[in-house]
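Report on one structure; see the data block that follows.
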Amino acid sequence: MAYSIAATAIDSLQYIIQMQSAFFSIVALFAFLTAVLTIGNQVVIRLLQQTRDVAIMKTVGMSSANLMKSILLENTIISLAAGLVGAGIALAFSGITLRFLFQMPMKIDITWSVLGILLSVITTAIIVWIAAKQSLAAKPIQLLQSK
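Per UniProt numbering: the sequence shown = residues 1 to 147.
As structure tokens, then:
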């Protein structure tokens, strides 16, 4: 009899853990989508502010490909720095929380931190490429007249 009660309790706990895991996965998905939209918004605003600079660089002969490389490199470096700072802060707060609230040591698996940073860099590069493509396709005179 005790075996069936223990099995039922274990099944119940496993079900609760699965539901919590699904819930936090959905929360993480919405957080990621929010981050993508925020990054996209900031990139578009920055590109609109740099319209005159892009027009001048194209006028003096810089190719669209070189401009794209420059814009991608700039935003990738910013994204990498932000990812490193964000991962560092997250690890610090996680360590503090585990140590002082739960009296547990923190086991660091650097793989997830690296994957998170890579995801932020790749996402930023894709968004920048999409946003900059339209701006770089325009002729310099069109860019200057649009402002």
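In this text, a Cβ means the ideal position worked out from N, Cα and C, and glycines have one as well. Small disclaimer: the values here were computed from a predicted structure and weren't measured.
Burial state of residue i (16 or more Cβ within 10 Å)
{"i": "G83", "result": "buried"}
{"i": "M1", "result": "The pLDDT assigned to M1 is 46, lower than 50, so where the model puts this residue is not dependable; a value taken from the coordinates is nonetheless given after this. M1 is exposed by the Cβ-count criterion."}
{"i": "V54", "result": "buried"}
{"i": "L136", "result": "buried"}
{"i": "V128", "result": "buried"}
{"i": "V27", "result": "exposed"}
{"i": "V43", "result": "buried"}
{"i": "N66", "result": "exposed"}
{"i": "N75", "result": "buried"}
{"i": "K58", "result": "buried"}
{"i": "T8", "result": "exposed"}
Presumed contact (8 Å Cβ cut-off) between residue i and residue j, rounded CB distance
{"i": "I71", "j": "A132", "result": "5 Å"}
{"i": "A87", "j": "S113", "result": "5 Å"}
{"i": "L119", "j": "M106", "result": "Between M106 and L119 the Cβ distance is about 22 Å, and since that is not below 8 Å, they are no contact."}
CA nearest to the CA of residue i, picked from the options
{"i": "P140", "options": "S21, I56 and F24", "result": "I56"}
{"i": "L143", "options": "L47, M104 and S25", "result": "L47"}
{"i": "L80", "options": "I10, G116 and Q134", "result": "G116"}
{"i": "Q145", "options": "F32, R52, L101 and V60", "result": "R52"}
{"i": "D109", "options": "L101, M62, A90 and F100", "result": "A90"}
* To do: Could you tell me whether the region 30 to 43 touches the region 123 to 134, where touching means 3 or more Cβ pairs closer than 8 Å?
  => yes
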